[in-house]
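Asker:
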Amino acid sequence: GQQLNQSPQSMFIQEGEDVSMNCTSSSIFNTWLWYKQEPGEGPVLLIALYKAGELTSNGRLTAQFGITRKDSFLNISASIPSDVGIYFCAGQRDAGGTSYGKLTFGQGTILTVHP
Amino acid sequence: NAGVMQNPRHLVRRRGQEARLRCSPMKGHSHVYWYRQLPEEGLKFMVYLQKENIIDESGMPKERFSAEFPKEGPSILRIQQVVRGDSAAYFCASSPRRDVNGYTFGSGTRLTVV
Chain U
4 GQQLNQSPQS MFIQEGEDVS MNCTSSSIFN TWLWYKQEPG EGPVLLIALY KAGELTSNGR
64 LTAQFGITRK DSFLNISASI PSDVGIYFCA GQRDAGGTSY GKLTFGQGTI LTVHP
Chain A
394 NAGVMQNPRH LVRRRGQEAR LRCSPMKGHS HVYWYRQLPE EGLKFMVYLQ KENIIDESGM
454 PKERFSAEFP KEGPSILRIQ QVVRGDSAAY FCASSPRRDV NGYTFGSGTR LTVV
């Protein structure tokens with residue numbers, strides 16, 4: 004089946020550092036999403052990308068949708084302790100031309116921020 | 394507005410028992426999706442339902458698992474004769490339309506089979 008390969012698997016950084024993680028796929032996705040999950044909670048949407056090449060920011064977060072529709076990256080600038088969590092990429096692919104919200108998730112990047 | 398409500402938050406079942414997981418979508422949302430998350434993995438799609446209809450159950454195991462979304466009441470994910478491998482976090486998401494706009498996840502039900 005379709006897979007999203009997310010890297011790195013984990014990151015240990017100092018507060019104030021910038022972070023970058025990415026996601027690649029062998030298949031085309033029409034929408035890319037980045038989520039954050041904290042312990043004991045469901046994923047919370049950070050950024051949604053709808054157009055190939057699109058670059059979108061949300062505060063200290065910036066994400067880009069690759070031009071080939073097969074990859075995306077997420078950057079976090081000036082990290083703070085509350086950035087700790089698991090970050091997931093997810094893609095939505097049209098099913099038979101009828102789009103609906105079935106998502107394929109990457110394996111996640113575990114982010115640890117040391118004060 | 395209340396978010397997507399899932400209950401129970403934690404569920405412990407012995408092998409062979411049944412597990413019933415409930416999901417109340419956000420107000421105005423008629424599309425419900427169930428996902429399973431094994432420890433240290435991403436979420437895996439299980440089933441997509443609209444009111445009274447199963448639209449896509451391609452991610453559901455063929456046996457023991459079933460889902461419904463009745464006209465009235467929450468969506469139910471039912472696992473019969475649970476086994477240890479069913480231990481996971483089960484998340485429900487709802488949306489007002491067929492696409493991902495407005496897609497919101499609940500906090501999940503953590504199922505432990507002992």
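Going line by line, the protein sequences match chains U and A. Here the working numbering = 1-based position in the first sequence + 3. Here the working numbering = 1-based position in the second sequence + 393. Yeah, the Cβ is synthetic: ideal placement off N, Cα and C, and Gly gets one too.
1) By Cβ distance, which residues of its chain are closer than 7 Å to residue 86 of chain U, with the 5 residues on each side in sequence left out?
2) Check whether the Cβ of residue 105 of chain U lies closer than 8 Å to any Cβ atom in chain A.
3) Would you mind stating whether residue 507 of chain A and residue 476 of chain A have Cβ atoms separated by less than 8 Å?
4) If you pair each beta-carbon of the stretch 29-48 of chain U with each one of the stretch 69-76 of chain U, do three or more pairs fall below 8 Å?
5) Assuming contact is defined by CB atoms lying nearer than 8 Å, are residue 7 of chain U and residue 37 of chain U in contact in what I supplied?
6) Give the DSSP bridge partners of residue 24 of chain U, in chain order.
7) Please look up how many angstroms separate the CB atoms of residue 461 of chain A and residue 451 of chain A, rounded, as I've assumed it's under 8 Å.
8) Which one or two residues does DSSP pair with residue 400 of chain A in a beta bridge?
9) Please state if the CB of residue 473 of chain A and the CB of residue 457 of chain A are separated by a distance shorter than 8 Å.
10) Strictly by DSSP, which residues pair up with residue 449 of chain A?
11) Using beta carbons (cut-off 8 Å, strictly below), is residue 34 of chain U in contact with chain A?
12) Return the residue from the list U:104, U:67, U:59, U:25 that minimises the CA-CA distance to residue 422 of chain A.
13) Could you tell me if residue 25 of chain U is buried or exposed, where buried requires 16 or more neighbouring beta carbons within 10 angstroms of its beta carbon?
14) Show which residues of chain A have a CB atom less than 7 Å away from the CB atom of residue 110 of chain U.
15) Is residue 57 of chain U close to chain A, meaning its C-beta is less than 8 Å from at least one C-beta of that chain?
16) Using a Cβ-Cβ cut-off of 8 Å, state whether residue 95 of chain U counts as contacting chain A.
17) Return yes when the Cβ of residue 435 of chain A is within less than 8 Å of the Cβ of residue 45 of chain U, no when it is not.
18) For residue 501 of chain A, does the three-state DSSP call read helix, strand or coil?
19) Select from the stretch 15-47 of chain U all residues with a C-beta closer than 9 Å to any C-beta belonging to chain A, and list them in chain order.
20) Cβ closer than 9 Å: which chain A residues qualify as neighbours of residue 91 of chain U?
21) Below 6 Å CB to CB, which residues in the same chain sit around residue 503 of chain A once its five sequence neighbours on both sides are set aside?
Answerer: Reading off the structure:
1) In the first sequence, residue 86 of chain U corresponds to position 83, counting from 1. Excluding residues within five positions, the ones whose Cβ falls inside 7 Å are 79, 114, 116.
2) Sequence index remark: in the first sequence, residue 105 of chain U carries index 102 (1-based). Residue 105 of chain U counts as touching chain A.
3) Position 114 of the second sequence holds residue 507 of chain A. Position 83 of the second sequence holds residue 476 of chain A. No.
4) By the Cβ rule, the stretch 29-48 of chain U counts as touching the stretch 69-76 of chain U, because three or more pairs are nearer than 8 Å.
5) As a first step, residue 7 of chain U must be located in the first sequence, where it is residue number 4. As a first step, residue 37 of chain U must be located in the first sequence, where it is residue number 34. No.
6) By one-based count along the first sequence, residue 24 of chain U stands at place 21. Beta-bridge pairing links residue 24 of chain U to U:77.
7) The residue labelled residue 461 of chain A in the question sits at position 68 within the second sequence. The residue labelled residue 451 of chain A in the question sits at position 58 within the second sequence. Contact doesn't hold; Cβ gap of about 17 Å is too wide.
8) Within the second sequence, the letter at position 7 stands for residue 400 of chain A. For residue 400 of chain A, which the question treats as bridged, DSSP gives the partners A:415.
9) By 1-based counting over the second sequence, the position of residue 457 of chain A is 64. By 1-based counting over the second sequence, the position of residue 473 of chain A is 80. Contact flag set, yes.
10) Locating residue 449 of chain A in the second sequence gives position 56, where the first residue counts as 1. Residue 449 of chain A pairs with A:441.
11) To locate residue 34 of chain U, count along the first sequence from 1; it is residue 31. Cβ-Cβ to chain A under 8 Å: yes for residue 34 of chain U.
12) The sequence position of residue 422 of chain A within the second sequence is 29, counting from 1. Out of U:104, U:67, U:59, U:25, U:104 has the C-alpha closest to the C-alpha of residue 422 of chain A.
13) Residue numbering aside, residue 25 of chain U sits at position 22 when the first sequence is read from its first letter. Residue 25 of chain U should be labelled buried.
14) The residue given as residue 110 of chain U occupies position 107 in the first sequence. Ordered by position in chain A, the residues that pass the 7 Å Cβ test against residue 110 of chain U are 434, 435.
15) By 1-based counting over the first sequence, the position of residue 57 of chain U is 54. Not one chain A Cβ lies under 8 Å of residue 57 of chain U.
16) In the first sequence, counting from the first residue as 1, residue 95 of chain U sits at position 92. Interface residue, yes.
17) Here the question's residue 45 of chain U lines up with position 42 in the first sequence. Here the question's residue 435 of chain A lines up with position 42 in the second sequence. No.
18) Reading the second sequence from its first residue, position 108 is the one you call residue 501 of chain A. Note: residue 501 of chain A maps to coil in three-state DSSP.
19) Correct list: 34, 36, 38, 40, 43, 44, 45, 46, 47.
20) The residue given as residue 91 of chain U occupies position 88 in the first sequence. The answer, in chain order, is 435, 436.
21) In the second sequence, counting from the first residue as 1, residue 503 of chain A sits at position 110. Cβ within range, chain order: 403, 482.
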